[in-house]
Each structure stands twice: as structure tokens, then as C-alpha cells.
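>
Number of protein chains: 2
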Amino acid sequence: MSKHSPLNSIAFQNHDHSICIDQALALAEQRCHQLHARLTPQRKRVLELIWQSHKPLGAYDLLEMLNQASQKRIAPATIYRALDFLQATGLVHRLASLNAFTGCCAHDSHADCCFFICEQCRRVIEMEGNEVASIIDKSARQANFSYQQLSLEVVGLCPDCRTDQ
Amino acid sequence: MSKHSPLNSIAFQNHDHSICIDQALALAEQRCHQLHARLTPQRKRVLELIWQSHKPLGAYDLLEMLNQASQKRIAPATIYRALDFLQATGLVHRLASLNAFTGCCAHDSHADCCFFICEQCRRVIEMEGNEVASIIDKSARQANFSYQQLSLEVVGLCPDCRTDQ
DNA sequence: AATTGAAATGTTATATTATAACATTTACAC
DNA sequence: GTGTAAATGTTATAATATAACATTTCAATT
Ligand SMILES: [Zn+2]
Ligand SMILES: [Zn+2]
Ligand SMILES: [Zn+2]
Ligand SMILES: [Zn+2]
């Protein structure tokens, strides 16, 4: 359960992050091809920036990074459109509690993810396959609530940062 | 399990909401007294506005309501300070996915709440005592993550709205 | 009752995040 | 190559939230 893959939520472990990046980009190409969606250079660039680390980035962070990298100025709408696309294709998540965006690490499903957010170093891991969804499902059924999507954001300290205390 | 109480998350059921309001305000008085915190008229007014329904309100909604009710103009900072206080005393929750605030319905603990949000009528119920926290706790231990607080927001359709489809 | 220090509120300005509306360019199917 | 839809550019603005400092209110102490 700890093979090196961005899909295993290894953000809190020491790892060769270039592999995360490579895999994420490869997945993006593949996914977009399947969906007949266009991973344009701009969208790809945004995805690359998001994958520079496991720390979520705000839209204006991305904007600044893009504008420093090239000469031409880009406007917020451009970033938000790229982010909309990446979310729609399941390549990126928005973390509501941070107003920030992070690459999707999930193997199977982009939905019903659970995020552990380190409040100190800001790194995030994405937990897949936890039992939360099924519990919520049960609970929703009891309440006669038709559950469509959930977002679970857990704040705390990652292994590194908790020992630094 | 369905006695009338705002503390039972009955937002999706027909109920006499004035009882919710009364109980919420009574709890607020009691809680603030215990904590030696001051439930000033302004803070109380904000809490009353939030409890007017089970639909979360944005800070600027509250601002507008306050400013229409009285003559003197109030600035955003005032609202946000009241909201900060109400959150700190555990009387109000902020729903990150909505940028909005809702009265706390929890019996015991203000923490680790789970919200079911109707995407159509906007009403929200707060689920307490579900098993999510313990699962997250287990999952966090496995990941060596020291979990401090979680927020779970589930979007879907309430019983009323799902039949209206 | 006057003093006083902390808490609460007022006030002004500004930061941060996100979207609307319309023009232009680009890529692809035909 | 032409037409069309998608993508991007551009400008303006909406929506949410906070910073910084002045003033007022409250309650404890003298
Ligand atoms: Zn990595
Ligand atoms: Zn950390
Ligand atoms: Zn009610
Ligand atoms: Zn509803």
C-alpha cells in the first residue's frame, strides 16, 4: 500500500515528487483524450503549477506564477476558466475551507474525497476508499436526503509538523 | 428521536420554527453566561437573524438585514466581528462551501459536525453523533496525522425538494 | 460616584476571491 | 479554405473578508 504514486496520497512522506508530477500529467493527457476534452497548453500549465507541490494554491497565486513566467499578462478569468475545466475533468479539487486548488490524487473516483490538511506546512493528502461515503449514504437515507456529493476537509498536523512542535 | 428541538436537526421536517428560535436564544444566553462572554444586543440580533430560518445566510445578507431594520449604517467589520464571536462560542457555524453562516444545532459538541445542504431550497441540517468522526480518527491515526477538526458538507436534495423533481 | 483598563463597536480603507459581459482568436470538422 | 464552436483575451465589477485606528461602552476597583 505504499508504492510510489501520486495516487496514493503520499504527500506527507518523503518521495520523489517528480514522479507525482509525471504521473499526474500523464493521467491528464489520458483522461482528456478519453473525454475528447482539450488539454490546451494553458490548462496544462495551470495543472503543472498546481502539481509543483502538495500544497494547494489559490487562483491568484497561480495567476501570479503564470504572469511571472511569461511576458503577457493574464487575467483572473483565464485562471478560473482553466480551473473550471480541470475540476470538471476531475483533475483538480477545490478546497472550500482554503479557497485553494489541489491536484486530484484519486485512483478511481474524483468524487467523495476526504482531505487531510496540515495547518502548519499546508500540505494536503487525499484519502480515498475510506468508509465515510458509505456512512453518509446510510445517514442520508435515514434522513430521506438524496446525497449527491460530499466534501470532507480535516485540519490538523501532518507527521512532520506534529513532531516539530 | 424526533422531539421538537432545534437540536435535533429537524430543518427538513415541518415544525414550529419559533421553538427553534427560542431554544437557540436561550442556549445562547446560557452558554455566554457560563463562558463569561457577553451576548451584546448586536450579537444577539445577528444570532436572531441567522435563526430566522434553517437557510444559511451570508455576512452581507446579514449586513443588509441589519441596515434595513435600523437607521444607522453598519459596516462589514461589525458583522464579521459578531460572527467571529458567535463561532468562537459555538453558537454558529460557517459553511465553507457556501460562504455562509448557520445556527449550531448540536447538543453536545460544536465540533466535528456534518451538514446536509439542500441545493435547491438551501436549507441545512446538522448531523450529530454520526460515525464519521471516529472513522476519521482511525484513518488519521493510520496516516500519523493529528486530527484537530473536521468539516463535512454534503450536498443533495432534501425530502421536500427531491419529490418536487 | 469617579477612575480606569479592557472589551466592544464605529469608521474608513483596502485586500482577496470570483464572475459577468462581450470581443477576438484558435482549432477542428466539413 | 470556410464555417462553427470552443477557447482565450479584455475590461469591468461583484462578492467576501480583513486591517488599522478612533471612539464608545461596560464593569471592576478605588
Ligand atoms: Zn508528490
Ligand atoms: Zn505539515
Ligand atoms: Zn426550525
Ligand atoms: Zn430542499
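If you're matching them up, the sequences are chains A and B in order.
Okay, so the first sequence: first residue is 1 according to the working numbering, each after it adds one.
Okay, so the second sequence: first residue is 166 according to the working numbering, each after it adds one.
A virtual CB, placed ideally from N, CA and C, is assigned to each residue, including glycine.
Being a predicted model, the structure only gives us computed values, none of them experimental.
1. Let me check one thing: in DSSP terms, what residues is glycine 268 of chain B bridge-paired to?
2. Counting C-beta neighbours from all protein chains within 10 Å, is the total for glutamate 284 of chain B 16 or more, i.e. buried, or is it exposed?
3. By DSSP, does cysteine 323 of chain B sit in helix, in strand, or in coil?
4. Hey, how far is the Cα of proline 56 of chain A from the Cα of alanine 24 of chain A?
5. For aspartate 112 of chain A, which residues of its own chain have a beta-carbon under 6 angstroms away from its beta-carbon, when the five flanking residues on both sides are left out?
6. Here's the rule: buried if 16 or more other CB atoms are within 10 angstroms of the residue's CB, otherwise exposed. What is arginine 306 of chain B?
7. Can you give me the C-alpha to C-alpha distance between histidine 4 of chain A and glutamine 13 of chain A, rounded to a whole angstrom?
8. Is DSSP giving cysteine 197 of chain B helix, strand or coil here?
9. Strictly below 9 angstroms CB to CB, what residues from chain A border glutamine 313 of chain B?
10. On the CB-based measure, 16 or more other CB atoms within 10 Å of its CB, does tyrosine 312 of chain B come out buried or exposed?
11. Which same chain residues, not among the five before or five after methionine 65 of chain A, have their C-beta less than 6 angstroms away from its C-beta?
12. In this structure, how does DSSP classify proline 6 of chain A when only helix, strand and coil are distinguished?
13. So with Cβ pairs under 9 angstroms, would you call serine 170 of chain B a contact of chain A?
14. Using DSSP with H/G/I as helix, E/B as strand and the rest coil, what is glutamate 119 of chain A?
15. I want to verify the contact list: residues of chain A whose CB lies under 9 angstroms from the CB of lysine 308 of chain B, in sequence order.
16. Looking at chain B, is there any beta carbon in it that lies within less than 9 angstroms of the beta carbon of serine 18 of chain A?
17. From aspartate 46 of chain A to isoleucine 175 of chain B, what does the alpha carbon distance come to, in whole angstroms?
18. Taking the Cβ atom as the reference point for each residue, do threonine 243 of chain B and cysteine 197 of chain B lie within a distance shorter than 9 angstroms?
19. Indicate whether at least one CB of chain A lies closer than 9 angstroms to the CB of valine 297 of chain B.
20. Considering only their Cβ atoms, is the gap separating leucine 63 of chain A from isoleucine 74 of chain A smaller than 9 angstroms?
21. Relative to the C-alpha of arginine 208 of chain B, which candidate in B:Ala191, B:Asp187, B:Leu251 has its C-alpha closest?
22. Strictly below 8 angstroms CB to CB, what residues from chain B border alanine 140 of chain A?
23. Where does the unbroken beta strand (DSSP E) through isoleucine 239 of chain B begin, and where does it stop?
24. Could you check whether the Cβ of histidine 54 of chain A sits closer than 8 angstroms to any heavy atom belonging to ligand 1?
Looking at the atomic coordinates:
1. The residue labelled residue 268 of chain B in the question sits at position 103 within the second sequence. DSSP lists B:Val257 as partners of glycine 268 of chain B.
2. Here the question's residue 284 of chain B lines up with position 119 in the second sequence. Under this definition glutamate 284 of chain B is an exposed residue.
3. Stepping through the second sequence from its first residue, residue 323 of chain B is reached at position 158. In the structure shown, cysteine 323 of chain B sits in coil (DSSP, three-state: anything other than H, G, I, E or B).
4. Here residue 56 of chain A corresponds to residue number 56 of the first sequence, with the count starting at 1. Here residue 24 of chain A corresponds to residue number 24 of the first sequence, with the count starting at 1. For proline 56 of chain A and alanine 24 of chain A, the distance between alpha carbons rounds to 15 angstroms.
5. Locating residue 112 of chain A in the first sequence gives position 112, counting from the first residue. Answer for aspartate 112 of chain A: Ala133, Leu150, listed in chain order.
6. Residue 306 of chain B sits at position 141 when you count from the first residue of the second sequence. Counting Cβ neighbours within 10 Å, arginine 306 of chain B comes out exposed, since fewer than 16 surround it.
7. What you label residue 4 of chain A is simply residue 4 of the first sequence in a count that begins at 1. What you label residue 13 of chain A is simply residue 13 of the first sequence in a count that begins at 1. Because histidine 4 of chain A carries a pLDDT of 46, less than 50, the predicted location of this residue cannot be relied on, and no value is offered for it.
8. The sequence position of residue 197 of chain B within the second sequence is 32, counting from 1. DSSP places cysteine 197 of chain B in helix when its eight states are reduced to three.
9. As a working note, residue 313 of chain B is residue 148 in the second sequence. Going along chain A in sequence order, the residues near glutamine 313 of chain B (Cβ under 9 angstroms) are Glu119, Val154, Val155, Gly156, Leu157.
10. As a position in the second sequence, residue 312 of chain B is number 147, starting the count at 1. Counting Cβ neighbours within 10 Å, tyrosine 312 of chain B comes out buried, since at least 16 surround it.
11. Locating residue 65 of chain A in the first sequence gives position 65, counting from the first residue. If the five residues before and after methionine 65 of chain A are omitted, its C-beta is found closer than 6 angstroms to the C-beta atoms of Leu49, all from its own chain and listed in chain order.
12. By 1-based counting over the first sequence, the position of residue 6 of chain A is 6. Confidence is the limiting factor: at proline 6 of chain A the pLDDT is only 47, short of 50, which leaves the residue's position unreliable and the question unanswerable from this model.
13. Position 5 of the second sequence, counted from the first residue, corresponds to residue 170 of chain B. Below a pLDDT of 50, predicted positions are generally treated as unreliable, and serine 170 of chain B, at 45, falls in that range; the measurement from the model is reported next regardless. The beta-carbon of serine 170 of chain B is placed no less than 9 angstroms from the nearest beta-carbon of chain A.
14. One-based indexing of the first sequence puts residue 119 of chain A at position 119. Note: glutamate 119 of chain A maps to coil in three-state DSSP.
15. Taking the second sequence and counting its residues from 1, the one referred to as residue 308 of chain B is at position 143. At residue 308 of chain B the sequence reads alanine, which differs from the lysine that was named. Within chain A, the residues near alanine 308 of chain B are Ser9, Phe12, Phe116, Ile125, Met127, Cys158, Pro159.
16. Here residue 18 of chain A refers to the residue found at position 18 of the first sequence. It does not: the Cβ of serine 18 of chain A has no partner Cβ on chain B nearer than 9 angstroms.
17. Along the first sequence, one-based indexing puts residue 46 of chain A at 46. Along the second sequence, one-based indexing puts residue 175 of chain B at 10. Here residue 46 of chain A is valine; the residue named in the question, aspartate, does not match the sequence. In a straight line, the C-alpha of valine 46 of chain A is about 43 angstroms away from that of isoleucine 175 of chain B.
18. As a first step, residue 243 of chain B is located in the second sequence; it is residue number 78 there, counting from the start. As a first step, residue 197 of chain B is located in the second sequence; it is residue number 32 there, counting from the start. No, the Cβ-Cβ distance between threonine 243 of chain B and cysteine 197 of chain B is not below 9 angstroms.
19. Here residue 297 of chain B is taken as the residue at index 132 of the second sequence, counted from 1. Answer yes: the Cβ-Cβ gap between valine 297 of chain B and chain A drops below 9 angstroms somewhere.
20. The residue labelled residue 74 of chain A in the question sits at position 74 within the first sequence. The residue labelled residue 63 of chain A in the question sits at position 63 within the first sequence. A contact, by the Cβ cut-off of 9 angstroms.
21. Taking the first residue of the second sequence as position 1, residue 208 of chain B is located at position 43. Check the Cα spacing between arginine 208 of chain B and each of B:Ala191, B:Asp187, B:Leu251: the tightest is with B:Leu251.
22. Within the first sequence, the letter at position 140 stands for residue 140 of chain A. The answer, in chain order, is Phe281, Val319, Gly321.
23. Taking the second sequence and counting its residues from 1, one reaches residue 239 of chain B at position 74. Per DSSP, isoleucine 239 of chain B belongs to no beta strand (DSSP E) and is neither H nor E.
24. Your numbering for residue 54 of chain A matches position 54 in the first sequence. Histidine 54 of chain A Cβ: within cutoff of ligand 1.
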